[in-house]
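2 protein chains.
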Amino acid sequence: MQKSTTKTSSPTVSPSKQETTPSPSIYAFSQSVSQMPQSETPKYILGGKGLGLAEMSKIKLPVPPVIVVSIPTCTYFQEHDGTYPDGFEKELNDGIAFLEKETGKGFGDPQSPLLVSVRSGAAISMPGMMDTVLNLGLNPSTLEGLSKKTGNPRFAWDCYRRFLQMFGDVVLGIEHHSFEGLLDEVKRKNGVSNDTELSVEMLKTVVEKYRALIQNETGSAFPDDPMEQLNMAIGAVFKSWNNPRAVSYRRINRVPPEINGTAVNVQAMVFGNLGDTSATGVAFTRNPSTGDKEFYGEYLMNAQGEDVVAGIRTPKHLSEMNTDLPEVYEELTAIFGQLEEHFKDMIDLEFTIEEEKLYILQARSGKRTGKAAVKIAVDMEQEGLIDRKKALLSIDPSALDQLLHPMIDPKAEKQVIAKGLPASPGAVSGQIVFSAIDAVEWAGQGKKTILVRNETSPEDIEGMNSALGFLTARGGMTSHAAVVARGMGKSCVSGSSDIAVNEEKKLLHCGADIDLKEGDWITLDGSVGEVYLGKVSTVEPEMSGDFATIMQWADEVRELRVRTNADTPKDAATARKFGAEGIGLCRTEHMFFKEDRIFAMREMILSETLEERVKALSTIEKMQQSDFEELFTEMDGFPVTIRLLDPPLHEFLPHEDAEIEEIAREMKVDAEVLKARREALSEVNPMLGFRGCRLAVVYPEITEMQVRAILNAAAVVAKKGVDVRPEIEIPVTSHYREVEILTEVIKRVADEVGGKENSESGHTDKNNKKSPAVTFKVGTMIELPRACVTADEFARTMEFFSFGTNDLTQTTFGYSRDDAGRFITKYIELGVYQVDPFQSIDEKGVGEMMLIAVEKGRAVRKDLEIGICGEHGGDPKSVEFCHRLGLDYVSCSPYRVPIARLAAAQAAVRE
Amino acid sequence: MQKSTTKTSSPTVSPSKQETTPSPSIYAFSQSVSQMPQSETPKYILGGKGLGLAEMSKIKLPVPPVIVVSIPTCTYFQEHDGTYPDGFEKELNDGIAFLEKETGKGFGDPQSPLLVSVRSGAAISMPGMMDTVLNLGLNPSTLEGLSKKTGNPRFAWDCYRRFLQMFGDVVLGIEHHSFEGLLDEVKRKNGVSNDTELSVEMLKTVVEKYRALIQNETGSAFPDDPMEQLNMAIGAVFKSWNNPRAVSYRRINRVPPEINGTAVNVQAMVFGNLGDTSATGVAFTRNPSTGDKEFYGEYLMNAQGEDVVAGIRTPKHLSEMNTDLPEVYEELTAIFGQLEEHFKDMIDLEFTIEEEKLYILQARSGKRTGKAAVKIAVDMEQEGLIDRKKALLSIDPSALDQLLHPMIDPKAEKQVIAKGLPASPGAVSGQIVFSAIDAVEWAGQGKKTILVRNETSPEDIEGMNSALGFLTARGGMTSHAAVVARGMGKSCVSGSSDIAVNEEKKLLHCGADIDLKEGDWITLDGSVGEVYLGKVSTVEPEMSGDFATIMQWADEVRELRVRTNADTPKDAATARKFGAEGIGLCRTEHMFFKEDRIFAMREMILSETLEERVKALSTIEKMQQSDFEELFTEMDGFPVTIRLLDPPLHEFLPHEDAEIEEIAREMKVDAEVLKARREALSEVNPMLGFRGCRLAVVYPEITEMQVRAILNAAAVVAKKGVDVRPEIEIPVTSHYREVEILTEVIKRVADEVGGKENSESGHTDKNNKKSPAVTFKVGTMIELPRACVTADEFARTMEFFSFGTNDLTQTTFGYSRDDAGRFITKYIELGVYQVDPFQSIDEKGVGEMMLIAVEKGRAVRKDLEIGICGEHGGDPKSVEFCHRLGLDYVSCSPYRVPIARLAAAQAAVRE
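Chains as they are written, first to last, in our numbering: chain A, 136 to 1046; chain B, 136 to 1046.
Encoded structure:
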């Protein structure tokens, strides 16, 4: 027996270790016995599979007798060099005795042999682990017994052949294909092409060869003692908890450290392959794809579970069983109801019929599409099976994303030509173009385009607005293309290492042999990160009544408000449709990138004097004002947070010399002057450079222009009866004097245009001679660590805070979002953290900074309004964190609004 | 009267405002009266000048009667629109009555007119404010009285002329040159070239013209009423507190907000210009340049104070007074002793002799050179005047810097050809070279060079090591050139906008008309930021016995240990000479830049496989080991903290295409491959990129090599009897898993080479079969906000923390040190903060992060060793902060070590 192992050298990430000497180690269940552990979280003792069997035994469903070796036993095993707790051997013997008693068979009994399956079963589903050994307990003598008892030698020999192969593979670690090779050899020699055609004699040959292979590979004979087989299998399952695949799986799926080990289920075998009254199958209690209340499943007559999975024979639809085995069908469908009633959930089950006797081998919560999740939740609530809170909790918020975007038609034929990151969901077809300018031009001709670039930059923004989707060779999930795409609700596949883009020659090379040129059609699926050749048909999302119902329930319970990040009236309209309660972040700089404005912006940047700068700004002011008027009108009755200019000025200047020369001609400026100015403005670390409020403090005239545009726009639409609630937001602040200085600028402009601040605190404006036109708030982004630790100083003048968690994550970790991809992937692989901190808020670090800011801010200003407007605002886990932190709202891109609403509701329910 | 002013619109930065209705507003002092305010900080009531007079009156020194309008009255004036507290008028009248009584003269009395001087006097010396109006109280009738009483009409008219001019200038705000122009006109018309040659008649003409000018400029006649004159002068002084020069001065000199207003000293005039038994002068009680105990000063017979300042006549040395006025001389020198005895300090005083009667007009602590400060402190302690603590506090730590570097010979002739930032102190002459390669080559020929560049980069490091000083056109006080220079103890003038450098053509253009070429001689003075043409002679520093005494006293009281940042044995030796107690930061990457290593380093970076990388690393390993051996030997008995590789890899690749092609030829690699690799490694924000522990986690083989080199070096020197104490430091950490992963790597290598860790906590190494060779510690830089807020997690494995406050300041503020110059200067101008946070620790923000880290770290590991190794480690104010924070040590560049020792001592004494 391979009982001892060297202690694992893998990192012990678990902060809380479970008690290592649990008692008992083994629990027994059958249709008549249900020995539940005394624990509030029996799943952490029995594992998911074990608990499912336990629950079914509790309601007397026909489960084959089973004993469950507990998860704490596995933990003990891991921590004690592969040994077991005291008394384990006796418990195991007792367990086998239980199985023998319940089945009336004997483990190793040549007359009536008890065979068992051995399966792993952690608290969560873990595909990476050792899964299953069937028919354990067979040896030359029990084989004979089985053969006689069933009167089916071929069946017995086939069982034995399978057992040797599975045990050899998963317990002894001999390559699967070694066994397959031997099997093929026998088949070839005998001129047989199908496993089912193998005769008993042929199977005997196979068995001989298998035993020789095992002897050869392991250096010892195949163990014939059933108890030895069982002990080896249990040890193998326990060890598989730390095999690389399993460890990766846990990392990738953010498995929390309290999920710490696997149970082993040792269950009496039942046989679906005992003839034409036997069968095996899988079923869902409702349709997992649509959510419809209909039985859904498939089965194979005269087969074992692995045959269904292998897909050699085509299974029958469950409804056909009504013909094949009507009584069993009736029993099974009745069980569906019992299961749903008991588990209050849509259930996925495995069953086996052994000579017309039905057994349920496994039951678990059924995986489902977003659409199905919504329908099932609403239906079950209406059926009285669950209440609204449980209905809300039953839906994975991220799954809603599928409902909000066009999808590839599941029936469509498609050829994948490249893969990349699923940067922004939705499927779309278009003709490829290679520059922002072309995108604008082609869109002007009414063409549908996909913008293909090595990477995108802020100057591409207008072209991005014209294209339907983006494909980039470089950049991660939070690259410029990805962020803009999610913001605009466009499809994006980013960072595709499968493609090579020649922007100059307008060529796209995909994989080894596909070359595309401008105008060729491709289809993107940004939900999965795939690129297809040509036009692939897509299906439009349905905003069904059930979806609306769920959203209504969510709104009833959630405490967080949900706003949107939107820069255009179109985005704002989309977001309102999705239920946004205001704009949490309007990035004014996006407005500057429009073709007619970038010119004025560049003029402003190139100005040598204040006067020139003011002149250029006045051109932009008119345009900004009309933008704001539209935005305010669209958001009638809701707050609109407008961030003052954020990026460094060099972002507005063209990068290429050719381009800059063209601009210089347009502007009637010497190209060298432009180049020199660009050079002077260039920065080593632009992320930490001359941007945001720093620009505003040094060039207050920019702020003056923006504030004038905001307040004048507000006054104009207010006169038309719009309920306008502007919130002016100061970005990139790290010192309270920055916001004081800019608040003075804002107040001064407000006095000039006759606005009046909505503050109860301090901002008296006794010199204001005009009547107040609109009320507004002044607040700041909190996106730098210093702003967090000095938030009390900021709260003296600021009426609201909005966490910019993108930048706060960058500075708290010291990561550049543009560069960190190189190591973040490796870090996730190594389990430094389980999820990219740019995707989900790092609660320990960034979250701690946020907590400090909330506490310090509210200590000074009790009614301080606090929100979040980083990318994290649309991440369900982060939304829950924001709820716990006591924020007032989250703001996310329009297409994430429903997700945030549901996540906020779930957070409130969980609390 | 200009009594009311509009309320100032300047920011109110003062968090603590003083009580605004003080009583009394005015205090009176004379040789017989001393009306001290009831306050623990009389300086904040009377100002520095007023307090000096008050103190002197207390010990009955001959001060002319004076009344002091208090600082709180000024504060009231500022906060109440230029009005005075109740009862002020009466107090002022009483004050004038006091002056009249003490002098026996009358204010405005035509027979025996009392004239007064009006001077500002804040709690600190404030050159930016209105300074002095003399002879106030004169008008046509008192002028006659003065004339008669003194029998000296010319004197009287000259006083009047001066009064009109000073009052017109400083109170009425008429340009000084307008008065000078009129004076010149009269002199020209009368063929007179010297003021002293002006006759009474000519002076009358001047007075007429002055009065007309004043009428013309202000629209009203010059005020003849002495009380009106006085009120106007007091108001002008108060207003001058907020004039732009004064506001700038306070900002630049970090004047704390509790210094909030100025006093006004109204003092009876005494005249040094009443003839040959009158005189005026300034004196120091000891030599302020050398510190020698000798009378030091100068005086002018028959003159007023302004004549001494104006420098028209050459004053006599104080010793000559023994001949001119022997009795007065005796009285004066006796007073020197009284002053030192009373003030326990070296005193700077102003005196006037009016017809053989001595008056002391002012006494204050005398400014002194670093050398004098040290000598005076030691002498006074030995004289029993002060104790050691006061001696230590009497020296400005920064002033020590002068003692540690060569200085320009004060007697040398020099021509300034450019100015820049005083980036690294010391004076040095050399021949200019324009590339690092040339610097190395010329140094090889035994030539002294100054490296002149637009800016320097890490690849210049070897050339920088060869040159004696650096001059750069770009970059601030914390630019690469500046930081390296301070680290190496070389002279550096950085960011000189006066020069244009053509590196290609090897030309240096200075100012308008000086062009220099390779090989021309220049002299840098990095202490003041000046560049001189040719060789200017310098004087070597003297490490006098007094210096050693002060250092010894400092060491007796300080609690902070002082280490040094040193990468080479030479630096380490210098630092030990200066008293460093170990190395707090050895930057291993500097070793990689040496010519013979950069090649191997580049090979490593270009490696495509682990094997290639390991091969290249093994070349470097041998070199690193021998470096460490030297360093350990040099630091025998002291800890040596060695930081693992910190910068991103692209820093090691050449920037220019020509250079990269050369390298490619050397390396026998296709230049395009090199370029592509450089491109692939380039980063948008390298500061936040793939560097430090991130490299180490992804490429553990680099860490393995470095740790092997460290531990093998330690073992080698330990065998030779060296007491070696290596501390391995992990840089750029933000997550505790990073240090856990790397600690495992370090442990593994240690086990391999037979080292053993010096940890009492957890790191058992039961598998270590070799005998321990050396003990070492493993710790981390704390330089990112996330490391601060999760310091408890780091302390579980880390044995020491070292604050990297450069990077911590960058990430806490969100500032790139390379780019922030553009707005930091403006921010300081605007008073956002008083000092560049890269120069002195920002206590509110960065300091708060440090506090969090210290508290969290020590909560987990009580004996956690904590130090600081950023540039701030040599800044006295930051050293004091580190002391308050309870750190164990500060580490700074070698030449800052004595400064840090003294600053640490002062912090301990102050506590």
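For glycine and all other residues, C-beta sits at the position ideal for the given N, C-alpha and C. Here the structure is a predicted model, which means the values were calculated and not measured.
Problem - Cβ-Cβ distance between residue 1023 of chain A and residue 696 of chain A below 8 Å - result: yes
Problem - Nearest to residue 664 of chain A (by Cα), restricted to the options A/655, A/200 and A/606 - result: A/606
Exercise for the section: Can you pull the chain A residues whose beta carbon is under 7 Å from the beta carbon of residue 925 of chain B, in chain order? Expected result: 979 and 980
Practice task
In angstroms with no decimal places, state the Cα-to-Cα distance between residue 425 of chain B and residue 498 of chain B.
Solution key: 20 Å
Exercise for the section: Can you say whether residue 312 of chain B is buried or exposed, counting buried as having 16 or more other CB atoms within 10 angstroms of its CB? Expected result: exposed
Practice task
Output the distance between the C-alpha atoms of residue 310 of chain B and residue 635 of chain B, rounded to the nearest integer angstrom.
Solution key: 37 Å
Problem - Span of the beta strand (DSSP E) around residue 934 of chain B - result: Counting along the chain, residue 934 of chain B falls outside any beta strand (DSSP E), and DSSP gives it neither H nor E.
Exercise for the section: Answer yes or no: do residue 909 of chain B and residue 849 of chain B have a C-beta to C-beta separation smaller than 8 Å? Expected result: yes
Practice task
Output the distance between the C-alpha atoms of residue 1050 of chain B and residue 526 of chain B, rounded to the nearest integer angstrom.
Solution key: The structure shown does not extend to residue 1050 of chain B, since chain B is modelled only from 136 through 1046, so no value can be given for it.
Handout entry: Candidates B/709, B/231, B/832 and B/456: closest to residue 966 of chain A by CA position
Key = B/832
Handout entry: residue 644 of chain B, enclosing alpha helix (DSSP H) - first and last residue
Key = Where residue 644 of chain B is concerned, there is no enclosing alpha helix (DSSP H), although the beta strand (DSSP E) it sits in stretches over 642-645.
Exercise for the section: May I ask you to verify whether the stretch 310-329 of chain B touches the stretch 356-369 of chain B, counting CB pairs closer than 8 Å and requiring at least 3? Expected result: no
Practice task
Look up residue 566 of chain B in the DSSP assignment and give the residues it is bridged to.
Solution key: B/584 and B/656
Handout entry: Closest residue to residue 719 of chain A among A/199, A/228 and A/1005 (Cα-Cα distance)
Key = A/1005
Problem - Helix, strand or coil at residue 249 of chain B [DSSP, three-state] - result: coil
Practice task
Helix, strand or coil for residue 544 of chain A, going by three-state DSSP, please let me know.
Solution key: coil
Practice task
Ignore the nearest five residues each way along the sequence and tell me which others in residue 901 of chain B's own chain have a CB closer than 7 Å to its CB.
Solution key: Note on residue 901 of chain B: pLDDT 41, under 50, position unreliable in the model; the coordinate value appears next. If we look at residue 901 of chain B and ignore the five residues flanking it on each side, it has no Cβ neighbours.
Handout entry: Beta-ladder partner(s) of residue 1004 of chain A, from DSSP
Key = According to DSSP, residue 1004 of chain A bridges with nothing at all.
Problem - Beta-carbon proximity of residue 751 of chain A to residue 735 of chain A, cut-off 8 Å - result: yes
Handout entry: CA-to-CA distance, residue 177 of chain A to residue 1037 of chain A, given in whole angstroms
Key = 28 Å
Problem - Contacts of residue 824 of chain A in chain B (Cβ-Cβ under 7 Å) - result: 951 and 954
Exercise for the section: Please state if the CB of residue 248 of chain A and the CB of residue 1041 of chain A are separated by a distance shorter than 8 Å. Expected result: no
Practice task
State the CB to CB distance for the pair residue 659 of chain B and residue 628 of chain B, rounded to an integer number of angstroms; the pair is presumed to be in contact (CB under 8 Å).
Solution key: 5 Å
Problem - Straight-line Cα distance separating residue 914 of chain A from residue 865 of chain A - result: 6 Å
Practice task
Report yes or no: do the stretch 915-935 of chain B and the stretch 992-1007 of chain B share at least 3 C-beta pairs separated by less than 8 Å?
Solution key: yes
Handout entry: residue 1026 of chain A: first and last residue of the uninterrupted beta strand (DSSP E) it sits in
Key = 1024-1027
Exercise for the section: State buried or exposed for residue 1033 of chain A, treating a residue as buried only when at least 16 other CB atoms are found within 10 Å of its CB. Expected result: buried
Practice task
Taking a Cβ distance cut-off of 7 Å, strictly less, list which residues of the stretch 863-890 of chain B are near chain A, in chain order.
Solution key: 867, 869, 870, 872, 873, 875 and 876
Handout entry: Straight-line Cα distance separating residue 680 of chain A from residue 1028 of chain A
Key = 23 Å
Practice task
Pick helix, strand or coil for residue 958 of chain A, following the three-state DSSP scheme.
Solution key: helix
Handout entry: Per-residue DSSP class, three states only, for residue 384 of chain B
Key = helix
Practice task
Starting from the C-beta of residue 975 of chain B, find all residues in its chain whose C-beta is less than 6 Å away, skip the five residues before and the five after it, and write them out in chain order.
Solution key: 1010, 1012 and 1013
Practice task
Assign residue 329 of chain A to one of two classes, buried (16 or more other C-beta atoms within 10 Å of its C-beta) or exposed (fewer than that).
Solution key: exposed
Exercise for the section: Decide if residue 221 of chain A is buried, meaning its Cβ has at least 16 other Cβ atoms within 10 Å, or exposed. Expected result: exposed
Practice task
Say whether chain B places a C-beta atom closer than 8 Å to the C-beta of residue 384 of chain A.
Solution key: no
Handout entry: Short CB-CB distance (under 8 Å) between residue 968 of chain B and chain A
Key = yes
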